[in-house]
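Per the UniProt record's numbering, the very first residue in the sequence shown carries number 1; after that it's consecutive. Right, one structure below, let's go through it.
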Amino acid sequence: MQVNLSIVPDFPLTSLNTFGIEARAKRYLRIENAEQLQAALADPVLAAMPRLVLGGGSNVLLTGDFNGLVLHMALQGRAVLTGTDTHHHVRAAAGENWHAFVQWTVDQGLPGLENLSLIPGTVGAAPIQNIGAYGAETKDYFHSLTAFDPSSGQFVTMDREACRFAYRDSIFKQEAGRNLIIVDVTFALPKAWTPNVRYAELAQAVAAQGIATPSARDVADTVIAVRRRKLPDPADIGNAGSFFKNPVVSADACERLLAQYPALVHHRQADGTEKLAAGWLIDQCGWKGRSLGKAGVYEKQALVLVNRGGATGADVQALAQAIQSDVNAKYGVVLEPEPVFV
1 MQVNLSIVPD FPLTSLNTFG IEARAKRYLR IENAEQLQAA LADPVLAAMP RLVLGGGSNV
61 LLTGDFNGLV LHMALQGRAV LTGTDTHHHV RAAAGENWHA FVQWTVDQGL PGLENLSLIP
121 GTVGAAPIQN IGAYGAETKD YFHSLTAFDP SSGQFVTMDR EACRFAYRDS IFKQEAGRNL
181 IIVDVTFALP KAWTPNVRYA ELAQAVAAQG IATPSARDVA DTVIAVRRRK LPDPADIGNA
241 GSFFKNPVVS ADACERLLAQ YPALVHHRQA DGTEKLAAGW LIDQCGWKGR SLGKAGVYEK
301 QALVLVNRGG ATGADVQALA QAIQSDVNAK YGVVLEPEPV FV
């Protein structure tokens, strides 16, 4: 079967990254079906080019023009599948908007993903980053995914174990899986659902509404309200959400920090380590609301770096490095960026 590949040269990427960084790609291809993807990477010229896979561009920092092929994953489709006695199974194509997909599952009476409402990006990006918020992560509801392996030219199915999920991490960010391209994702949503309001801020926001037994829609709407109150809309001001991971340190290291900084925000992990609040560390170093050139730190949330207007990737990178340097100098803690630098 002949597959039409509409390759666009010198393509602007400003609308394909939520930071709103101005950059261009040498070649661009919008992928709307799996056959296009397979055909494109079977072409020896295209396959030999440096490759960047983009969905919503919400977890990438473009540091310059991309001298290669951008594959824009725009595959659409979502469906309720045959599940099990304990779980509903739902599948969505990689190009589906994540927030719209989550709201659709809630509207279908299939709860589970509501704590992950209003996270920017696409469904295909969710497993890569193992996105998480308000006491939930992708891995908690993940069943399997389909990915294209350019090295073999074949599609593969991967379960949770194969994806090697960790905190804001997966095999897709590691050498073993960096070249795999996610085509669709299937989630397992519990039939015996109970609201997840373990996260203190969410529990307080639900209680403030006088809701004793929240529904999935109550949880989703509350998460949306909290996020809108704290975080900037990329449509209004360029950003990639939380820019740094919350650092994890040993219990001993945390104790030493607490002795010097009793107000240190920390959360004990199941393995005995302590997760520190990166936003608190950045705020204490005086960066909240500050700018460095055309890039800055959001006034309402120190974990979010923003494009004040006309910032380049180098501007954002310089700001991030300055913040990392100050936090490391004061607390001896290394902050790791969440976005991929390209």
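Just so it is clear, CB atoms sit at the ideal spot from N, CA and C, and this is done for glycine as well. Keep in mind the model is a prediction, meaning the values are calculated, not measured.
Check, Outcome
"Could I get the ranges of all uninterrupted beta strand (DSSP E) runs contained in the region 129 to 171, with 3 residues as the minimum, in chain order?", "142 to 149, 154 to 159"
"Three or more C-beta pairs under 8 Å: does that hold for the region 209 to 229 against the region 277 to 287?", "no"
"Could you tell me the boundaries of the beta strand (DSSP E) in which residue 102 lies?", "Run containing residue 102: none in the beta strand (DSSP E); it sits in the alpha helix (DSSP H), 98 to 107."
"Would you grab the beta carbon distance between residue 164 and residue 171 for me? Rounded to a whole angstrom, and I think it's under 8 Å.", "4 Å"
"Identify whether residue 230 lies in helix, strand or coil by the three-state DSSP scheme.", "helix"
"Whose C-alpha, out of 150, 16, 74, 204, is nearest the C-alpha of residue 60?", "16"
"Please list, in chain order, all residues of the same chain as residue 20 whose beta carbon is under 7 Å from its beta carbon, the five residues on each side excluded.", "14, 238, 307"
"Name the two residues that bound the continuous beta strand (DSSP E) containing residue 67.", "66 to 73"
"Where residue 319 and residue 334 are concerned, what is the direct C-alpha to C-alpha distance, given to the nearest angstrom?", "15 Å"
"Determine which residues share a DSSP beta bridge with residue 288 and list them.", "In the DSSP output, where bridge partners are listed per residue, residue 288 has none listed."
"Over what stretch of residues does the alpha helix (DSSP H) that includes residue 26 continue unbroken?", "No alpha helix (DSSP H) holds residue 26; the beta strand (DSSP E) holding it covers 24 to 31."
"Tell me the rounded alpha-carbon separation between residue 316 and residue 240.", "11 Å"
"Taking the beta carbon of residue 250 as the centre, do at least 16 other beta carbons fall within 10 Å, making it buried, or is it exposed?", "exposed"
"Need the endpoints of the beta strand (DSSP E) that residue 242 sits in, please.", "238 to 242"
"Between which two residues does the beta strand (DSSP E) holding residue 348 run?", "No answer is possible for residue 348: it lies beyond the span of the chain, which begins at 1 and ends at 342."
"When we look at the beta-carbon of residue 299 and count the other beta-carbons within 10 Å, is it buried (16 or more) or exposed?", "exposed"
"Shortest alpha-carbon distance to residue 126 belongs to which of 229, 83, 235, 186?", "186"
"Could you compute how far the alpha carbon of residue 100 sits from the alpha carbon of residue 256?", "44 Å"
"Using the Cα positions of residue 41 and residue 22, report the straight-line distance between them to the nearest angstrom.", "27 Å"
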